[in-house]
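Quick notes on the structure that follows.
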Ligand SMILES: C[S@@+](CC[C@H](N)C(=O)[O-])C[C@H]1O[C@@H](n2cnc3c(N)ncnc32)[C@H](O)[C@@H]1O
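Residue numbers (our numbering): 264 to 519.
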C-alpha cells in the first residue's frame, strides 16, 4: 500500500519513460501553437505549471523564450534539469505545488499542458485551488493556456479502450476503468515499470470537466475571454471545434 497520493507515487522515478509515452510526442507542434498565441513576443515571462520533464519549457527556451517551470515531482524536475543542461540551457525549474504557488502578478503567460497537475488532485477544491493559484501569479491581461480532460468524451466512449488503443508496448497501462457519472472521475488501475525497472500499480483517478464547468470556474476567479477547443496531440488549433470525440480540450483564458 503506497501512502503517497497516486499522482506523487506515479511521477517519482518515471522521467525517462514518461518522455517515451505516446502522449508526449507532440511537443514541437504544441510549441508552434504556443508561439502563435504569444505573438512571438520573446520578452514575455512564461510559467509552465506541472512542467514534468520540461519538454515544452526546454523547446520554448531553445526558441528564445523565458520560462520558469514548476512541478511537484523532484524526479521529473531532475530529468528536466539534466535534459536542459545537455542542451546548454539554464532554466529555472523549481519544486512547487501548483495549489499554492508563491507568485504575485509576475508572469505574462501561464501554460499547463497534458493536464499538468490540474485534474489529478483528489478533490475538486484542490483542482480549483490550482486555477486560483495560477491567476494570482499572472499579471493583469495575462494569458492562461492549458489542456485538460474533456468530460464529454467518457459519456460516449470507453476511456479504457481509448488508452489501450493509444498506448505503445513499453508505456503505462490503465485497466478496470470506471467512469463515475456523479463525480465525473475515472477510476482505474495504472500500471507501469518505472525507470529502474520496478513494477508499479496505482489506484488512480482523474477528474474530467465539461466545458461549461471550466468556463464557470474560470469566470468565478476573474478570468475573461475564455475560449475552449479540441486538443489534438501536437496539433492544437483555434479552428478545432470541441466535440465528444476529443479526449482533451484546449482552454485559453485571460486575466481581467
Ligand atoms: C501528465 S504530467 C504533464 C507534464 C508536462 N506538462 C507535459 O506536458 O508533459 C503531469 C505533471 O503534473 C505534476 N503535478 C501533479 N500534481 C501537481 C501539483 N499539485 N503541483 C505541481 N505539479 C503537479 C506531476 O508531477 C507531473 O509531472
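Idealized CB from N, CA, C, for every residue including glycine.
Given the structure is predicted, the values throughout are model-derived calculations rather than measurements.
Linking residue 502 to residue 287 through their CA atoms gives a straight-line distance of about 22 angstroms.
Secondary structure within the stretch 339–421: the beta strand (DSSP E) runs of 3 or more consecutive residues, fully enclosed, are 355–358, 370–375, 401–412 (chain order).
Secondary structure of residue 465 (DSSP, three-state): strand. Approximately 5 angstroms separates the beta-carbon atoms of residue 364 and residue 400; this is inside 8 angstroms, confirming the contact.
Around the beta carbon of residue 433, fewer than 16 other beta carbons lie within 10 angstroms, which makes this residue exposed.
A straight line joining the alpha-carbon of residue 496 with that of residue 292 spans about 8 angstroms. Rounded to the nearest angstrom, the Cβ distance from residue 277 to residue 458 is 6 angstroms, consistent with a contact under 8 angstroms.
Cβ contact annotation for residue 419 (same chain, cutoff 6 angstroms, sequence separation greater than five): 507, in chain order. According to the DSSP secondary-structure assignment, residue 281 is paired through a beta bridge with no residue. The bridge partners DSSP lists for residue 454 are 436, 464. Judged by the Cβ position, residue 409 fails to qualify as a neighbour of ligand 1 at the 7 angstroms threshold, every heavy atom of the ligand being at least this far.
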